[in-house]
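The structure appears below as structure tokens.
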Amino acid sequence: MKIKDHFLSQEIFEINETETKGVYKTSPIPPNISTYYESENYISHHQDSGSLKEKLYKFLQSFNLQYKKNILIDRIQRGSKVLDYGCGAGEFVKYIENDFETIGFEPDADARKAAQNKLSKAKIVDDIRSIENGTLDAITLWHVFEHVENQDEMLEIFNSKLKDKGLLIIAVPNPTSYDAKHYKEYWAAYDVPRHIYHFSKKGMENLISKKPNWKMRKIKPLVLDSYYIAMLSEKYKKSPLFWLKATFYGTISNIKALFSNEFSSLIYIIEKK
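The numbering of the sequence shown is our numbering, which starts it at 3 and goes up by one.
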């Protein structure tokens, strides 16, 4: 499949299935990929701009933050040690810092500084190897794993940092959801080339099943993602009624996913063996 970078460069990239069935990779990966994040509209790396898109993002984010926090509270004790990997400007780290001993990892200097300015208890690091092995109760990656090219190496590092039975929680878009099939090459969650990998539900299950040190425990939906992704997709299509259409197709996607479990984004709760 050929996909345009609708967000920034307008360049065309291909998405091809890897040797792991159901996992796809963007090609080619630009050697200067960091420049593809350099936009004031890239919400994960910038403070509030006041744009309508960002206001909607922040509104939906408030619900998602509580939902994500509840996933941790239901599975680990308060006060447990949690790493949010790829924490961006630190919204989730700030949201949970009073409930857990929290660390954020963020490689981007601007985002890291923005995160540090928000926090009172949690700390931000720029090198995951500085964290002592076997000390973490959970590691979260909220729409981050799709940006990581060296997946196998990072899964080994995550495994080394977690305690026995520690949790790895990965949220990624689902290219076999209804909204992905509806929008096709305009589906905003392809986000090439920033999204290097693309994981169907079966693809993520296949990837984890190949790893002897991990066990898939549960898969949960991120229900609100369908609306935000649909909104961006409609804007890429230059739809004059993008709000209305995004609400309609986001709702249809969630209704269909109640039966198929193919939600627009999925959270994979994985346990270290």
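All residues carry an ideal CB built from backbone N, CA and C; glycine is no exception. Being a predicted model, the structure only gives us computed values, none of them experimental.
- With contact defined as three or more Cβ pairs closer than 8 Å, the region 190 to 198 and the region 156 to 172 are not in contact.
- If you draw a straight line from the Cα of residue 69 to the Cα of residue 141, it comes to about 16 Å.
- Residue ranges of uninterrupted beta strand (DSSP E) with 3 or more members, entirely inside the region 205 to 249 and ordered along the chain, are 216 to 223.
- The secondary-structure analysis by DSSP pairs residue 26 across a beta bridge with 19, 200.
- The beta-carbon separation of residue 6 and residue 14, rounded to 6 Å, stays under the 8 Å limit for a contact.
- Shown here for residue 80: same chain residues with a beta carbon closer than 8 Å to its own, the five before and five after excluded, namely 101, 102 in chain order.
- Under the 8 Å Cβ criterion, the region 147 to 165 does not count as touching the region 178 to 190, having fewer than three qualifying pairs.
- Following the DSSP letters along the chain, one finds residue 116 inside the alpha helix (DSSP H) bounded by residues 111 to 120.
- Where residue 170 is concerned, the enclosing beta strand (DSSP E) starts and stops at 164 to 175.
- Judged by DSSP secondary structure, residue 273 falls within the beta strand (DSSP E) whose first and last residues are 267 to 274.
- Shown here for residue 137: same chain residues with a beta carbon closer than 8 Å to its own, the five before and five after excluded, namely 83, 163, 165 in chain order.
- The continuous stretches of alpha helix (DSSP H) do not include residue 9, and DSSP gives it neither H nor E.
- Residue 123 and residue 99 have their alpha carbons spaced roughly 6 Å apart.
- Taken through DSSP and simplified to helix, strand or coil, residue 88 comes out as coil.
- Exclusion of the five residues before and after residue 256 leaves 225, 228 as the residues of its chain whose Cβ lies within less than 6 Å of its Cβ.
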